[in-house]
Amino acid sequence: MPTDSFVPNVIGSALRDNRAMEYEAFVARHLDGVLRLCRAEGWPSFPADSSRALAVLTAPGVVTVVAVEGERVLGFAQVLTDGAIQAYLCNIAVALERRRQGVGRRLVQEVFAQSGAERLDLISVSAADDFYQGFQHRTFPGFRIYPERLDSN
Ligand SMILES: CC(C)(COP(=O)(O)OP(=O)(O)OC[C@H]1O[C@@H](n2cnc3c(N)ncnc32)[C@H](O)[C@@H]1OP(=O)(O)O)[C@@H](O)C(=O)NCCC(=O)NCCS
Numbered sequence: 138m139p140t141d142s143f144v145p146n147v148i149g150s151a152l153r154d155n156r157a158m159e160y161e162a163f164v165a166r167h168l169d170g171v172l173r174l175c176r177a178e179g180w181p182s183f184p185a186d187s188s189r190a191l192a193v194l195t196a197p198g199v200v201t202v203v204a205v206e207g208e209r210v211l212g213f214a215q216v217l218t219d220g221a222i223q224a225y226l227c228n229i230a231v232a233l234e235r236r237r238q239g240v241g242r243r244l245v246q247e248v249f250a251q252s253g254a255e256r257l258d259l260i261s262v263s264a265a266d267d268f269y270q271g272f273q274h275r276t277f278p279g280f281r282i283y284p285e286r287l288d289s290n
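Residue numbers for the sequence shown follow our numbering, so the first one is 138 and each next one is one higher.
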């Protein structure tokens, strides 16, 4: 299983306009930036409980990579992995002002590589389809299943 011990803190960097975009393993000081990105997307699950979000983003079997410029978190991607075969992309977001600059693609490449898995599944939204089409891929019908409600009579 992946752990912080084999995910280097600074994974790589790319220069843009003389500023370095660094790709780093997520640590607690990145949490506020990740929550800001989630709020900007209208994603409630992480901002609703920041302690839970921190636990989820650093849980066993989770790889989370952030794109940072200086101290600002401008993107993140979170993957669940069995460490060898199968991984699942749970979340990816890039700040609006840094989109279409290759940040999202690099985040996918970084989390996938760090996951150690052979394949990466995900559920897309139609607005992101063109982004995922750019990777070598196959498409399948997707489902998200929720717990069944047990009606009490
Ligand atoms: C999807 C998302 C992560 C892509 O991040 P990004 O940094 O803009 O993506 P990249 O710059 O790496 O894009 C790589 C390629 O994907 C394609 N692509 C990305 N966004 C696209 C868009 N909105 N429309 C068409 N093609 C797109 C392009 O081919 C692009 O290469 P190009 O800019 O040289 O043409 C970003 O748009 C985002 O955060 N969206 C909101 C959150 C979201 O929808 N997450 C995914 C939920 S399933």
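Cβ atoms here follow ideal geometry from the backbone N, Cα and C, with glycine treated the same way.
Quick caveat, the model's predicted, so the values are computed rather than measured.
For residue i, the first and last residue of its enclosing alpha helix (DSSP H)
i: A190; result: S187 to L194
i: Q270; result: D266 to Q270
N- and C-terminal bounds of the beta strand (DSSP E) containing residue i
i: L244; result: Here L244 belongs to no beta strand (DSSP E); instead the alpha helix (DSSP H) covers V240 to S252.
i: R209; result: R209 to T218
i: D258; result: R256 to D258
i: A165; result: Unbroken run through A165: none, as it is neither H nor E.
i: I131; result: With the chain covering only 138 through 290, there is no way to say anything about residue 131.
i: E206; result: V199 to E206
Exposure label - residue i; buried when at least 16 CB within 10 Å
i: Q251; result: buried
i: N290; result: Summary for N290: the model assigns pLDDT 48, below 50, so the residue's position carries little reliability; its value from the coordinates is reported in the next sentence. Exposed, because fewer than 16 other Cβ atoms sit within 10 Å of the Cβ of N290.
i: A254; result: buried
i: R243; result: buried
i: G212; result: buried
i: T140; result: Since pLDDT at T140 reaches only 42, below the 50 mark, its modelled position is unreliable, and the value read off the structure follows with that caveat. Exposed.
i: G179; result: exposed
i: V205; result: buried
i: G279; result: exposed
i: D210; result: Per the sequence shown, the amino acid found at residue 210 is Val instead of Asp. That one is buried.
i: V262; result: exposed
i: F277; result: exposed
i: L287; result: exposed
Short CB-CB distance (under 7 Å) between residue i and chain B
i: V231; result: Although the question refers to chain B, the structure presented lacks it and comprises just one protein chain.
Rounded distance between the beta-carbons of residue j and residue i, thought under 8 Å
i: E161; j: V203; result: 6 Å
i: A196; j: V248; result: Actually they do not touch by this definition, with Cβ atoms about 14 Å apart.
i: L257; j: A230; result: Not a contact, Cβ separation roughly 17 Å.
i: F272; j: G241; result: Their Cβ separation, rounded to whole angstroms, is 11 Å, which puts F272 and G241 out of contact at 8 Å.
i: I260; j: R275; result: Going by Cβ atoms, the distance from I260 to R275 rounds to 14 Å, so no, they are not a contact pair.
i: F183; j: A190; result: 4 Å
i: L233; j: A177; result: 7 Å
So which residues touch the region around ligand 1, with touch meaning a C-beta under 7 Å from any heavy atom? E178, G212, I229, A230, V231, R235, R236, R237, Q238, G239, V240, G241, R242, R243, L259, I260, S261, V262, A264, A265, D267, F268 and G271
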